[in-house]
Amino acid sequence: MSMAGYGSYTSTYGGGFTTHSTENTGFSSPGITDSPSSKRESSNNQTLSPVTIKQLLGADQATPDAPFKIDNVEITQVTFVGVIRSVSEQSTNVSFVVEDGTGSVDIRMFINDDSDFQAQKRGELVQGIYVRVIGTIRVFSNKRYVLAFLLRPITDFNEVTAHSLETLFCHLSRVKSNPSIDYNSGFRNSEGNPFTANNPYAHNPSNNYNNEFSPLQRTIIDAVKSAPDTNEGVHIGSIAQALTGRFPREEISNAVEWLIGEGHLYSTVDDDHVKCTDAD
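Numbering that gives the first Met the number 0 applies: residue 0 is where the sequence shown begins, and numbers increase by one.
Right, here's the structure in full:
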């Protein structure tokens, strides 16, 4: 199985390391003073960070006017994917509740365009669909929410899988650069156990799991098992993208082929999507 076709498979938002220009959605984010931390946002720190909802709700804030931090890194703009659980439209804004499997959060967007076209666009944001959210963390009445300046439907489910891998990659990169950070900070449940359903990025291996696979093979298995459970499975390209830099692409390709050949992975809708034979 060749990985040549995956070189151009990139996430829409560049791994969370660059600022993303938003498109015209009929919404705007006017100046709001309910979160003084926004005053501290500087032009040289306007990075876009992929996160889970659990991470953004648990982000550290030393004082009410201090910036939010995840893994001891200041966070300005965040992006995540999830399912719309409720929608409430007012004359000047629309409120959503979005859930991603790690938690749920309120989303607020302000309407700045009443045209029929933008009303139609807003009408596509209905309960039960997956969406991409980009915005900033705000606080009102001691409750965190996201002031969004982009919220759009997801039409390719590979984006959900890619975001999961991106979020894990960015978390591990921050941990690696700062050894004082707990490897599983922001990913553990209240009992401190990272190997639970509350952690979508970890899998509890069996006793022979660590002995049977190489580190790369274990990483691929974990990535596939941590992805949302769909009929399509995980796109191999998204795995290759997330692991490039940690492992050579040829080794990634060989590891995927070996896992398929040994019956640990199987192809689903096509040769580029795989799932684990052992889903536990």
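Ideal Cβ placement from N, Cα and C applies to all residues, glycine included.
Cβ separation of residue i and residue j, assumed to be a contact under 8 Å, to the nearest whole Å
{"i": "Ser87", "j": "Ser94", "result": "5 Å"}
{"i": "Val223", "j": "Leu264", "result": "7 Å"}
{"i": "Val159", "j": "Pro227", "result": "6 Å"}
Sequence-distant residues of its chain with Cβ nearer than 6 Å to residue i (five each side left out)
{"i": "Ala147", "result": "Ile106, Met108, Val132, Gly134"}
{"i": "Phe67", "result": "Ala58, Gln60, Ile74, Ile136"}
{"i": "Arg245", "result": "none"}
{"i": "Gly260", "result": "none"}
DSSP beta-bridge partners of residue i
{"i": "Gln76", "result": "Leu47, Thr135"}
{"i": "Glu98", "result": "Val82, Ser103"}
{"i": "Glu88", "result": "Val93"}
{"i": "Asp59", "result": "Lys68"}
C-beta contact flag for residue i and residue j at 8 Å
{"i": "Glu231", "j": "Phe156", "result": "yes"}
{"i": "Gln216", "j": "Ala254", "result": "yes"}
{"i": "Gln126", "j": "Arg84", "result": "yes"}
{"i": "Val268", "j": "Ile153", "result": "no"}
{"i": "Gln76", "j": "Thr46", "result": "yes"}
{"i": "Leu258", "j": "Ile219", "result": "yes"}
{"i": "Arg143", "j": "Leu56", "result": "yes"}
{"i": "Ser237", "j": "Ala161", "result": "yes"}
{"i": "Ser163", "j": "Ser225", "result": "yes"}
{"i": "Leu280", "j": "Leu149", "result": "There is simply no residue 280 to check, as the chain begins at 0 and stops at 279 in what is shown."}
Residue i Cβ short of 7 Å to the ligand SAM heavy atom set
{"i": "Lys175", "result": "With respect to the ligand SAM, the structure offers nothing, as it holds no ligand at all."}
Contacting residues, own chain, Cβ-Cβ under 7 Å from residue i (five flanking each side not counted)
{"i": "Asn92", "result": "Arg107, Met108, Phe109, Ile110"}
{"i": "Thr229", "result": "Phe156"}
Cut-off 8 Å between Cβ atoms - residues of its own chain near residue i, not counting five sequence neighbours on either side
{"i": "Gly262", "result": "Thr276"}
{"i": "Val82", "result": "Val97, Glu98, Asp99, Gly127, Ile128, Tyr129, Val130"}
In chain order, which continuous runs of the beta strand (DSSP E) of length 3 or greater are located wholly inside the region 113 to 160? 129 to 139, 142 to 152
Give, in chain order, every unbroken run of the alpha helix (DSSP H) that is at least 4 residues long and sits entirely within the region 202 to 278. Taken in chain order, the whole alpha helix (DSSP H) runs of length 4 or more contained in the region 202 to 278 are 208 to 211, 214 to 225, 235 to 242, 248 to 260.
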